[in-house]
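Asker: Structure below; questions to follow.
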Amino acid sequence: MTDITHSTFVTRTAEIFVHPGKLILSFFEHMGRYFSTIGWMIYNFRNAKEYSGNILQQMVIIGNNSIPIVIFVSMFVGMVTAVQSSYQLYEWIPRSVVGALVTKSVLLELTPLLTALVLAGKVGATITAELGTMRVTEQIDALEALAFDPISFLITPRVIAGVLMFPLLVIFGDLVAILGGMFGASVIAGIPSEAFIDGMQSSFEVWDAMFGIIKATVFGFIITSVSCY
């Protein structure tokens, strides 16, 4: 009886570590496959000119089709930031500071992050659905049979398009968010547009915009590459 109890205890104790162990092994297995795919994709960047048509097509899909949602999100980001800043700090700060707060917040954090979150769902789902359908319908197998490299033909154009278009969408979103902030500050909070612009000009730094663009580039690479994987 004691041996049976001891054996059961050992088995159950081992089972506690088996499932997490499988999860950890699966995680590193997928990470290895992911980085292997990324390495082969980067190696095939040298053949990008051969698939320039695919790259332009994906730039249209990622860029043009995402403009409405970027406008919608960025406009309300700027308006909410301006209105909340003015309500919370109206009695203690000059009115021009609202423009500075909106500009800093939008360029550094809000627009790159929220744009990436929204596009991760839209662009990521689109890419995953397209490639998944091609795999199920054996279109990828047909490309391999015709001596086409699926990574060069399907993945590389999408990742390059994401890296190019995400920063452009964020720049466009920055402009819309600042205009939305100025509109919200003027119409809702009663802050003159001149004061908002003065604060924006006094706080603007090129590095803030560059930092947001760098973040957008990284987000574009991660979102498109993970979706392709």
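Each residue of the sequence shown is one higher than the last, beginning at 1059 in our numbering. Quick reminder that beta carbons are idealized off the backbone N, C-alpha and C, glycines included.
1) Can S1143 and V1156 be called in contact, C-beta distance under 8 Å?
2) Rounded to whole angstroms, how far is the Cβ of S1285 from the Cβ of I1185, which I believe are closer than 8 Å?
3) Rounded to a whole number of angstroms, what is the C-alpha to C-alpha distance between T1173 and A1140?
4) For the alpha helix (DSSP H) that A1235 lies in, which residues bound it at each end?
5) Kindly list the residues whose CB is nearer than 8 Å to the CB of L1226, restricted to its own chain and excluding five residues on each side of it in sequence; keep chain order.
6) Taking buried to mean at least 16 other C-beta atoms within 10 Å of its own C-beta, is T1161 buried or exposed?
7) Is it right to say A1187 is buried, meaning 16 or more other beta carbons lie within 10 angstroms of its own, or is it exposed?
8) Which residue marks the beginning of the alpha helix (DSSP H) containing R1104, and which one marks its end?
9) So, for S1244: in the same chain, excluding its five sequence neighbours on each side, which residues have a beta-carbon less than 8 Å away from its beta-carbon?
10) By the three-class DSSP mapping on this structure, what secondary structure does T1139 have?
11) From which residue to which residue does the alpha helix (DSSP H) around E1188 run?
Answerer: Taking the geometry as given:
1) Contact annotation: S1143 and V1156 have beta-carbon atoms nearer than 8 Å.
2) 4 Å
3) 18 Å
4) T1214 to V1245
5) G1121
6) buried
7) exposed
8) Looking at the DSSP string, R1104 is not in any alpha helix (DSSP H), and its letter there is neither H nor E.
9) P1250, S1251 and F1254
10) helix
11) For E1188, the enclosing alpha helix (DSSP H) covers residues T1169 to V1194.
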